[in-house]
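Using the working numbering, count along the sequence shown one by one with no gaps and you end on 625.
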Amino acid sequence: MCGRPIDNAAVAICGGTIIAVGKWNEVRASNPGEVTDLGELVLMPGLINAHCHLDYTCMRGSIQPPQSFTAWVREINEEKSALRSEDYITSVAEGFVEALSFGTTTVCNLEAFAALIGQMPLPPMRMWWFAEMLDVRHAIEPEEIYSQIKAVSPIRGGIGLAPHAPFTASIELYRAAAAVAQRHRLPLTTHLAESREEMQMFRDGEGALFEFLRSIGRSMSDCGQSTPLQLLLNAGVLDERWIVAHLNELTSEDFLRLESSPRFHVAHCPRSHAYFAHERFSLRQLRRLGSTSASGLTASPVTRTSAC
Ligand SMILES: [Zn+2]
């Protein structure tokens with residue numbers, strides 16, 4: 318949206334298409350059709366939720382703000398182990414209703430269970446299903462995931478791929494997902510530089526997240542070298558197909574790299590940010606990159622985030 322709100326405004330619609338927007342008397346002068354008076358309210362374009370996990374709508378309030386990001390990862394994994402497929406389908410359906418009640422008309426939803434997408438109820442809004450992928454425990458083939466979800470042809474919206482985060486998805490998985498996305502013209506999304514513990518893990522090779530992931534058998538050979546952002550930039554996977562969620566932990570060197578990096582989109586998640594009490598989000602700095610550099614970023618505000 319741009320421009321100032323229009324007081325006493327009207328919208329002219331013909332055959333389901335908006336053909337004029339402006340002051341009531343001006344729009345009415347050239348559009349003599351039937352009038353519906355909506356009364357005193359704000360009429361605006363639908364909101365876009367650029368990042369959410371409707372799978373976890375049912376978990377609201379079940380995990381109190383944790384001491385650390387790693388503690389939260391452990392807790393949500395425990396909560397998830399008690400849920401069945403039917404619970405996730407119900408949860409997503411409840412998420413549809415709630416998102417619509419906020420005025421959200423498009424949702425980018427990271428779906429942890431790609432096989433369930435075909436069983437979900439018909440979304441009442443534009444729905445982009447991003448199949449979330451992790452290979453920290455088992456290898457995963459993005460082309461197979463694509464084959465699994467390609468039959469899902471939402472009436473509105475579409476499908477995409479989501480390597481979860483660099484600490485749960487290998488660089489090889491990121492590269493494979495990017496190649497599949499290029500081949501089939503799909504959007505991609507991921508979590509990046511979300512927590513201080515993620516920064517500690519990749520830059521310093523230490524910290525609670527590092528220790529936790531090492532304990533479950535993750536290869537830590539990519540740690541102690543670079544920031545999370547630079548890990549993905551060095552791998553050459555990010556481009557304009559990507560919506561990158563978070564970017565809460567960025568160093569001054571990261572900002573320098575962003576000045577000449579390929580263009581991609583950034584989704585800030587304010588509720589998740591507040592829940593984890595992260596440091597202040599660098600919205601202005603990221604916006605400045607977007608407005609002053611041809612290779613800049615687009616900061617996409619979100620309406621709501623069910624989980625991070
Ligand atoms: Zn998320």
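Beta carbons are placed, not taken as given, at the ideal position from N, Cα and C, and that holds for glycine.
Between the options, which lies nearest to residue i when the distance is taken from Cα to Cα?
| i | options | result |
| --- | --- | --- |
| residue 397 | 379, 410 and 494 | 379 |
| residue 449 | 589, 430 and 458 | 430 |
| residue 406 | 388, 438 and 377 | 438 |
| residue 389 | 599, 600 and 594 | 594 |
| residue 665 | 435, 418 and 412 | Absent from the structure is residue 665, since the part of the chain shown begins at 318 and ends at 625. |
| residue 567 | 375, 600, 554 and 536 | 600 |
| residue 587 | 564, 607, 576 and 606 | 564 |
| residue 446 | 557, 372, 540 and 583 | 372 |
| residue 503 | 484, 485, 455 and 556 | 556 |
| residue 368 | 492, 481, 491 and 602 | 481 |
| residue 428 | 320, 500 and 463 | 463 |
| residue 366 | 421, 338 and 385 | 421 |
| residue 434 | 534, 468 and 323 | 468 |
| residue 526 | 537, 534, 514 and 536 | 514 |
| residue 455 | 436, 432, 443 and 485 | 485 |
| residue 443 | 508, 336, 541 and 363 | 363 |
| residue 538 | 385, 559, 487 and 341 | 487 |
| residue 384 | 597, 592, 602 and 536 | 592 |
| residue 578 | 596, 603, 598 and 584 | 603 |
| residue 494 | 553, 541, 516 and 534 | 553 |
| residue 551 | 499, 524, 492 and 605 | 492 |
| residue 325 | 358, 534 and 370 | 358 |
| residue 626 | 375, 580 and 499 | This structure does not reach residue 626, given that the chain is present from 318 up to 625, and the question cannot be answered. |
| residue 575 | 582, 598, 549 and 606 | 606 |
| residue 581 | 508, 516 and 524 | 508 |
| residue 409 | 355, 356, 436 and 500 | 436 |
| residue 590 | 510, 338, 540 and 524 | 510 |
| residue 516 | 583, 596 and 499 | 596 |
Can you say whether residue i is buried or exposed, counting buried as having 16 or more other CB atoms within 10 angstroms of its CB?
| i | result |
| --- | --- |
| residue 512 | buried |
| residue 466 | buried |
| residue 489 | exposed |
| residue 441 | exposed |
| residue 483 | buried |
| residue 505 | buried |
| residue 561 | buried |
| residue 334 | exposed |
| residue 402 | exposed |
| residue 479 | buried |
| residue 361 | exposed |
| residue 558 | buried |
| residue 632 | As shown, the chain starts at 318 and ends at 625. That puts residue 632 outside it, with no answer to give. |
| residue 625 | Because the pLDDT of residue 625 is 37, which lies under 50, any placement of that residue in the model is unreliable, and the question is left without a value. |
| residue 377 | exposed |
| residue 573 | exposed |
| residue 386 | buried |
| residue 620 | Residue placement at residue 620 is poorly supported in this model, since its pLDDT is 32, which falls under 50; the coordinates still yield a value, given next. So residue 620 counts as buried. |
| residue 414 | exposed |
| residue 534 | exposed |
| residue 618 | Unreliable placement is indicated for residue 618, whose pLDDT of 37 sits below 50; no coordinate value is reported for it. |
| residue 355 | exposed |
| residue 696 | With the chain covering 318 to 625 only, the question about residue 696 has no answer from this structure. |
| residue 496 | exposed |
Margin query: So within the region 483 to 528, which uninterrupted alpha helix (DSSP H) runs reach at least 4 residues, ignoring any that extend past its ends?
Written below: 488 to 501 and 513 to 516
Note to self: For the pair the region 348 to 367 and the region 468 to 482, tell me if three or more CB-CB distances fall below 8 Å.
What the structure shows: no
Margin query: When you compare the region 533 to 546 with the region 325 to 332, are there three or more beta-carbon pairs, one atom per stretch, that lie closer than 8 Å?
Written below: no
Next item on the list: Please confirm if the region 514 to 528 is in contact with the region 451 to 462, defined as three or more CB-CB distances below 8 Å between the two stretches.
Entry: no
Next item on the list: Check whether the region 550 to 570 touches the region 523 to 532, counting contact only when three or more Cβ pairs, one atom from each stretch, lie closer than 8 Å.
Entry: no
Next item on the list: Return the chain-ordered ranges of every beta strand (DSSP E) run that is complete within the region 395 to 431 and spans a minimum of 3 residues.
Entry: 421 to 428
Check: If you scan the region 556 to 599 from start to end, which runs of the beta strand (DSSP E) of 3 or more residues do you find wholly inside it?
Finding: 559 to 563 and 581 to 585
Item checked: 4 or more residues per run - each alpha helix (DSSP H) lying fully within the region 334 to 403 -> 341 to 347 and 386 to 398
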